[in-house]
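Visitor: To start, I am sharing the structure in question, which I have written as structure tokens.
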Amino acid sequence: MRDIELKMIERAKALLESGEVARVVGWKKGEFYFDPMPAVFETVEELNDFVYNSFCGANLSKYLIKVSKNPGKTAIFLKPCDSFSLNQLFKEHRVIRENIYVIAIECQGKLSVEKMKKLGVSAITEVNENGEEIVVSSLYGETKFSRDEVLLGKCETCKSKVHQVKDEEIILREMQAGKKDRFEDVEKLEAMSEEERFTFWREQLSKCIRCNACRNVCPACSCMKCVFDNPASGIAAKANDDKFEEQLFHIIRAFHVAGRCTDCGECSRVCPQGIPLHLLNRKFIKDIDGLYGEYQAGETAEGKTPLTSYNEEDGEPSDVFKGEEK
Amino acid sequence: MQRIGVFICWCGSNIAATVDVKKVAETIKAEPGVVFSDNYQYMCSENGQQLIKNAIKEHNLTGIVVGACSPRMHEATFRKAAEAAGLNPYMVEIANIREHCSWIHKDMDEATEKAIVLVRTAIAKVKLNAPLTAGESPVEKRALVIGGGIAGIQAALDIADAGFQVDIVEKNATIGGRMAQLDKTFPTLDCSACILTPKMVDCAQHENIDILSYSEVEEVKGFVGNFNVKIRRKARFVDETKCTGCKICMEKCPSKKGLNEFNMNLDTRPAIHIPFAQAIPNVAVIDSTQCIKFKTGKCGICQKFCEAGAIDYEQKDTFIERKYGAIVVATGFKPIALDNFNEFGYADNKDVITSLELERLMNAAGPTNGVLLRPSDGEHPKVVTFIQCVGSRDTSGCGKPYCSKICCMYTAKHAMMIREKYPDTEVHVFYIDIRTPGKNYDEFYRRAVEQYDVDYIKGMVGKVYNENGKLMVQGSNLIDNEQVTIASDLVVLATAIEPEPSVRKIATLLTASIDTNNFLTESHAKLRPVESPTAGVYLAGVCQGPKDIPETVSQASACAAKVIGLLAKSKLKTNPCVATPDEAMCNGCSQCANVCAYGAITYVEKEFRLGGGKTEVRRVASVNPAVCQGCGACTVTCPSGAMDLRGFSSKQIMSEVEAICKK
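As given, the protein sequences belong to chains A and B, one line each in that order. Be aware that the first sequence starts at 395, since it is given in our numbering, and climbs by one per residue. Be aware that the second sequence starts at -6, since it is given in our numbering, and climbs by one per residue.
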């Protein structure tokens, strides 16, 4: 991991020094080893805080909407999954391709500090990845895990290790896609009876504290003005008389990103309440695949999306209804 | 302060018999903002309209709600009345208390309560209405006719005769359609080709008609008066401008085993062919799936012999784009597939044929030169049995629920023609009912029974099976209450007809409605029978419902009259209820442009102030109000709600929903 990090810093330095780019988007050290955060580096000095470790799960693409508006080119380090998000933003004209320099980086799947904590390891000071073996050092000593035990939820079902857009790459080792079928959990939900499913979601969504983290992190949720922040939209306020109001927020959000969600999994990763929000989006993705043909948002930066185009092979409205009945 | 007037119509007893109209008018008086409320027997009448006009003036009304029939019926009437009284016509809302209420309820209390809710809903909306002004759009003086059968030909000729340009797009290599395949026509028994082909020639020679044969509509954009249509001209591998129709290629072509579609596959034709002798255009076409040159790369004989040098194996599909003011759909029909009707043995016995196949067998230009010979052994059939309603009026789900309408008459025609030509032939007809309304139709059928001695048997056939070379037709005779089995030489199935399947694609391209049987839906079953609900789209022939030739021709001429009426106008009023983006909220994501069926949305780079002297250039949506049809697809697609529809704003819709949900 450290070898990639050093190469990344080296490239970032060169790009900034030569003036090829005005800024680099990457991760910087947080308060602890396990909380690196997305950051914009504009000078070589700032790169002292640059970090790329096992906890750099955050998707950086969304930050480009804002920072790439500034003069000069912006370089960005992208993991394979993040590249889907950027492509989708290109497609929606939110980011202009010419303004961006994409450095594709290696990712063996990022790790979950929450899972490590649950397995009894806290106060982590360093992590070393030796293939499938993860060695975690903490203030209390060293612990070994297998990669599968501590992989981030979103990385368990990693859909691709192929960068969808890049100008250069820093990849030192071969990468492997996730071992788990990403629709497995959706199928479990589909197999439930209507009441079971309703109970499941009520229990999950009732945990929501409406912190907006899922929305704020979502690359597809990048509207100039979000409907939930717009009093004129009529849905901004919480309804007073509904015990289960949060369902509306999450379901409206899922509808808004349907057909555009690349399934990057950030919503669930950042949820402080551990709500499996990605399952709502994945259900949409699965349905779209079934009704309108296989489609992966962000695979290309051009072309129509299944929900905003029509062709003769598209499912009929009655098929949608039947799908619901299943 | 808003001053709303409410007018409740009785519609005679249509509404008043189920809704307590006086109670509705009384109750609504208490609604905030309502300053006037009344009811009247016929609000759409001269007196009713006067009542509205007077109230607007006397009470200084700022908006009105009419509780009456569907806005499709009288919205325009009431808008005009409001305008005459000085109120903006878009300050009128209709509460549909007839179709949505009185017609579908029986209980007066319930219906009255619902009518009150519907009127309240309209009040909630009208309070948020804003005055709007209609714009104008030009009319392209050219019509498109999709389908070159008798319906399309007649419509095109009538429109062209009125002095407007018409293009006929026909997917086959020649115009003529199904009628060209028929032998004789009822009820006069004149030769189909003799009356059709002069019309085909008229089309070809008409200076205002352009025939685009072997072509298909690929894309339709725009709206009434301004359709932009992309047409695929399929490669026929023969240069239409050079081919003289000499047919030498057909003689020389070594691949002669292609099934002849024109003769219902009863004989064969060369790979390069002209579909039939009177084809228009009289130009050959190469069936590339059959042609040796295309399959092996070797041959090229037709090219060698073509003196005109018309053969072009390299020809590719080309596309043309044209503008039209109006579109006539005349896509016609085909007989249904008989896969679900194994009991009649169609697939297993060559001598079980469909009526359209019989047309070809009886036709002088057909595979037997008009001599009735059975397909299996070329012998004269001595006993011919007709089975009617094969797949028509079928509620089992195997066929079609509707009556195909033409079969009773053509079966009588076939029966008579056989008895006339071959008096020694025995002819039986199994039928459920005989349906012969129409001028001289019943007389025609009676002639078959009385004069030609055709044996009509009321009853259905259960089974047709082969026994020692005879086709045994087992059915019931309901009049004599007995089971009968008729040993026949030839069995003819009066197969149900269905719309040509390509109509589904056409309907989608045109956003024209279609019913469960794939028939295009007319705007009003009785009063607007040739208009599609999509403005500027008209329907002729079987694509709209089963009908015979005289009816088809009448409908085609009616379409033409509608088209001429439209094209004669210099300008059309546009709908002011168009989409408008809130640029401050627009993400510039193009989703609205993707869903816009009319191409009304484009994107522009605009500079916006950010405060503190800073500006930012952003990509934002821009709607062309002359092109926007107000369908609202963009407003529901926009994730941030930046797109809104004038006259149907999200706020108005939500206020309606709230008014309905309020207890």
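All residues carry an ideal CB built from backbone N, CA and C; glycine is no exception.
Are the CB atoms of B/V119 and B/V58 within a distance shorter than 8 Å?
Guide: yes
Visitor: Does the beta carbon of B/P632 come closer than 8 Å to any beta carbon on chain A?
Guide: yes
Visitor: Between which residues of its own chain and A/L483 is the CB-CB distance below 8 Å, once the five residues before and five after are set aside?
Guide: Within the same chain, A/L483 has close Cβ partners S455, K456, L458, I459, V489, P613 and S616.
Visitor: Could you check which residue in B/I646, B/H421, B/Q271 and B/K134 has the C-alpha nearest to that of B/V454?
Guide: B/H421
Visitor: Can you confirm whether A/G628, when its beta carbon is compared against all beta carbons of chain B, has any partner nearer than 8 Å?
Guide: yes
Visitor: Note down, in chain order, all residues in the stretch 576 to 605 of chain B with a beta-carbon under 8 Å from any beta-carbon belonging to chain A.
Guide: A577, M578, C579, N580, G581, C582, S583, Q584, N587, V588 and Y596
Visitor: Tell me the DSSP secondary structure of B/C579 in three-state form.
Guide: Coil at B/C579, not helix or strand.
Visitor: Let me see if you follow: with CB-CB separation under 8 Å, is A/N464 close to chain B or not?
Guide: Taking 8 Å as the CB threshold, A/N464 stays off the interface with chain B.
Visitor: Using alpha carbons as the reference points, say which of A/R609, A/L583, A/V559 and A/F678 lies closest to A/A695.
Guide: A/V559
Visitor: Just list the beta strand (DSSP E) runs in the stretch 480 to 562 of chain A, keeping only unbroken ones of 3 residues or longer that don't cross its boundaries, in chain order.
Guide: 494 to 499, 518 to 524, 527 to 532 and 535 to 540
Visitor: Sorted by chain position, which residues of the same chain lie with C-beta nearer than 8 Å to A/C380's C-beta, five sequence neighbours on each side aside?
Guide: Because chain A in this structure spans residues 395 to 720, residue 380 of chain A falls outside the shown range and cannot be described.
Visitor: Should the stretch 452 to 466 of chain B be regarded as contacting the stretch 401 to 413 of chain B, the criterion being three or more beta carbon pairs within less than 8 Å?
Guide: no
Visitor: At a CB-CB cut-off below 8 Å, which residues of chain A make contact with B/M647?
Guide: Simply G628.
Visitor: Between A/H650 and chain B, is the shortest Cβ-Cβ distance under 8 Å, so that the two count as touching?
Guide: yes
Visitor: Could you list the residues in the stretch 191 to 212 of chain B with a C-beta less than 8 Å from some C-beta on chain A, going in chain order?
Guide: Answer in chain order: no residues at all.
Visitor: When the Cα atoms are used, what is the spatial distance from A/E568 to A/Y427?
Guide: 25 Å
Visitor: Do you know how far the Cα of A/F678 is from the Cα of B/V613?
Guide: If I take the Cα positions, the gap works out to 28 Å.
Visitor: Within this structure, are the beta carbons of B/G371 and B/N459 separated by less than 8 Å?
Guide: no
Visitor: Show which residues of chain B have a CB atom less than 9 Å away from the CB atom of A/H487.
Guide: N580, G581, C582, S583, Y596 and R612
Visitor: Please name the residue in A/D429, A/E414 and A/V415 whose C-alpha comes closest to that of A/W421.
Guide: A/D429
Visitor: Beta-carbon within less than 8 Å of A/Q502's beta-carbon, same chain only, minus the 5 sequence neighbours each way: which residues are those?
Guide: E523, R541, R567, M569 and Q570
Visitor: At 3 residues or longer, and completely inside the stretch 427 to 453 of chain A: list those beta strand (DSSP E) runs for me, N to C.
Guide: Correct list: 431 to 435.
Visitor: Does the beta carbon of A/N624 sit closer than 8 Å to a beta carbon anywhere in chain B?
Guide: yes
Visitor: If you measure from the beta carbon of A/V621 to each beta carbon in chain B, is any gap under 8 Å?
Guide: yes
Visitor: Taking only runs of the alpha helix (DSSP H) that begin and end inside the stretch 289 to 342 of chain B, which ones reach a length of at least 4 residues, in chain order?
Guide: 294 to 298
Visitor: Sorted by chain position, which residues of the same chain lie with C-beta nearer than 6 Å to A/Y495's C-beta, five sequence neighbours on each side aside?
Guide: V415, K467, A469 and D561
Visitor: I need the straight-line Cα distance from B/L464 to B/E244, nearest angstrom please.
Guide: 38 Å
Visitor: Alpha carbon to alpha carbon, how far is A/K573 from A/L768? Give it in angstroms, no decimals.
Guide: With chain A covering 395 to 720 only, the question about residue 768 of chain A has no answer from this structure.
Visitor: Within the chosen definition, does the stretch 573 to 581 of chain B reach the stretch 633 to 648 of chain B through at least 3 CB pairs nearer than 8 Å?
Guide: yes
Visitor: List the whole-angstrom C-beta distance separating A/R504 from A/E543, where the pair is believed to meet the contact cut-off of C-beta under 8 Å.
Guide: Contrary to the premise, residue 504 of chain A reads as Lys rather than Arg in this sequence. With a Cβ gap of about 14 Å, A/K504 and A/E543 do not count as contacting.
Visitor: If you check the beta carbons only, do B/G5 and B/Q34 fall under 8 Å apart?
Guide: yes
Visitor: Between the C-alpha atoms of B/H67 and B/A75, what's the straight-line distance to the nearest angstrom?
Guide: 12 Å
Visitor: For B/N258, which residues of its own chain have a beta-carbon under 7 Å away from its beta-carbon, when the five flanking residues on both sides are left out?
Guide: L252
Visitor: Rounded to a whole number of angstroms, what is the C-alpha to C-alpha distance between A/K720 and B/Q(-5)?
Guide: At A/K720 the pLDDT is 39, less than 50, meaning the model places this residue with poor confidence; the figure from the coordinates comes in the next sentence. Each residue's Cα considered, the two are about 50 Å apart.
Visitor: If the criterion is Cβ atoms closer than 8 Å, does the pair A/V507 and A/S532 meet it?
Guide: no
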